[in-house]
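Reading the sequence shown from the start, the letters are residues 8 to 305 in the numbering used here.
Accompanying notes for the structure given below.
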Amino acid sequence: MSLLVVGSVAFDAVETPFGKCDHILGGSASHFSISASFFTDVSIVGVVGGDFTEADGEVFRQRNIGTGDLERIPNGKTFRWAGRYEYDLNVAHTLDTQLNVFADFKPKLSEASKASRLLFLGNIQPDLQREVREQMPNAELVALDTMNLWIENTRDSLVRTIKGVHVVIINDAEARQLTGIPNLIKAAREILTWGPKALIVKRGEYGAALFTPQDYFAIPAYPLESVFDPTGAGDTFAGGFMGYLASQERLDEAAMRRAMIFGSVMASFNVEEFGTNRVRRLTHAEINERFQAFKQMT
Ligand code: AMP
């Protein structure tokens, strides 16, 4: 296996100025793996409850995503998240988070999963992220995402987890909140002193920036006229980024720059419809067409 992700597999309830959806497949590992599956073999480590049906998991089968380490607790309930966006779609308001089966989750990795070349620690409790990281000491590249809930409630554990990864992929508000430093450049430099060799800051409709100790690289977001639901854009970006890297032999900075463009391309599709609806039916031709358009633009 080339790429492994640990993160949430969820049922989301989402409200945007353009529509509402009460029950849709979401979660960091779902968005990430569907996006990455266009570039590489990807497997999920996570947990769902007895309410997660065959039909809910159908997209994983369609996209050939490994679910051998996706545990099912028959008498438990799947993780639930409810959120709302205002006209400024860059700001998500969490209305409700129910950890459910994630509250007692102990990630168990098969030997095949442990041998994955790349690992993504998707947004989930940082102790769980570290438990997975520690089972894969030889992974060639490990990246991490997180969110305000974990920064506010479990910061010490999160900083410990960050110290053990190569790449941190977070949004600008999270970088400021995590460091307590309002200037983004200074905040990025601070995070890099903790150990990671690269930091990617996602800036919603303003694009994304890559910071390394020596360099800075930034790309705009793909210009879209209609953004419908931004939920999962960050994970979809990370899925394109890590999926593309997993398809490459050399994981150097040039590859990371190309991977950022693929990440942005995938995220730009994700926001066009609710949940995973748009990305799950993408074609390689559509991805390549937008990649070329992106390259011309930049
Ligand atoms: P994003 O890419 O940041 O928009 O991620 C959105 C996804 O994160 C949603 O599909 C949610 O199910 C999931 N999510 C929200 N809060 C949490 C949390 N505390 N832990 C894990 N996953 C979460």
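Cβ coordinates follow ideal geometry from the N, Cα and C atoms, glycine included.
For this session: Use the C-beta contact count for Thr85: other C-beta atoms within 10 angstroms, 16 or more gives buried, fewer gives exposed.
Result: buried
Exercise. Do Asn71 and the ligand AMP come close, with the Cβ less than 7 angstroms from some heavy atom?
Worked result: no
Problem set entry | Same chain, Cβ closer than 8 angstroms to Glu93, neighbours up to 5 away in sequence not counted | Pro24 and His100
For this session: Please determine if the region 8-20 and the region 203-222 are in contact, where contact requires at least 3 C-beta pairs separated by less than 8 angstroms.
Result: no
Problem set entry | For Tyr92, the residue or residues it bridges with in DSSP | Ala99
Exercise. In this structure, what does DSSP give as the bridge partners for Thr104?
Worked result: Trp88
Problem set entry | According to DSSP, residues forming a beta bridge with Gly26 | Thr23
Problem set entry | Alpha carbon of Phe45 to alpha carbon of Gln132, nearest angstrom | 27 angstroms
Problem set entry | Reduced DSSP category for Arg137 - H, G, I as helix; E, B as strand; rest coil | helix
Exercise. Anyone know if the C-beta pair for Ala146 and Leu165 falls short of 8 angstroms?
Worked result: no
For this session: Starting from Val272, follow the alpha helix (DSSP H) in both directions and report where the run begins and ends.
Result: Glu260 to Asn277
Problem set entry | 6 angstroms CB neighbourhood of Ala195 in its chain, flanking five on each side removed | Leu206 and Phe218
Problem set entry | Inter-residue Cα distance where the pair is Cys28 and Leu96 | 16 angstroms
For this session: Report yes if the C-beta distance between Gly57 and Gly34 is below 8 angstroms; otherwise report no.
Result: no
Problem set entry | Range of the contiguous beta strand (DSSP E) that encloses Lys209 | Ala205 to Lys209
Exercise. Measuring CB to CB, does Arg285 end up less than 8 angstroms from Asn295?
Worked result: no
Problem set entry | Distance, Thr47 Cα to Ser254 Cα | 6 angstroms
Exercise. Looking only at DSSP bridge pairs, what is Tyr223 linked to?
Worked result: Phe218
Problem set entry | Cβ separation of Arg137 and Gly171, assumed to be a contact under 8 angstroms, to the nearest whole Å | 7 angstroms
Problem set entry | Own chain, CB closer than 7 angstroms to Ser120, minus 5 neighbours either side, in chain order | Met8, Leu11, Ser50, Val52 and Asp76
For this session: Tell me where the beta strand (DSSP E) around Arg79 begins and ends.
Result: Gly73 to Ile80
For this session: Could you say which of Lys113, Gln184 and Arg167 lies nearest to Leu135 if we only look at CA atoms?
Result: Lys113
Problem set entry | Extent of the continuous beta strand (DSSP E) to which Leu128 belongs | Leu125 to Leu128
Exercise. Does the beta carbon of Ala182 fall short of 7 angstroms from some heavy atom of the ligand AMP?
Worked result: no
Problem set entry | Cβ neighbours of Arg264 in the same chain (closer than 6 angstroms, five flanking residues each side left out) | Phe224
Problem set entry | Option nearest Gly239 by Cα separation, candidates Gly202, Val54, Gly64 and Trp88 | Trp88
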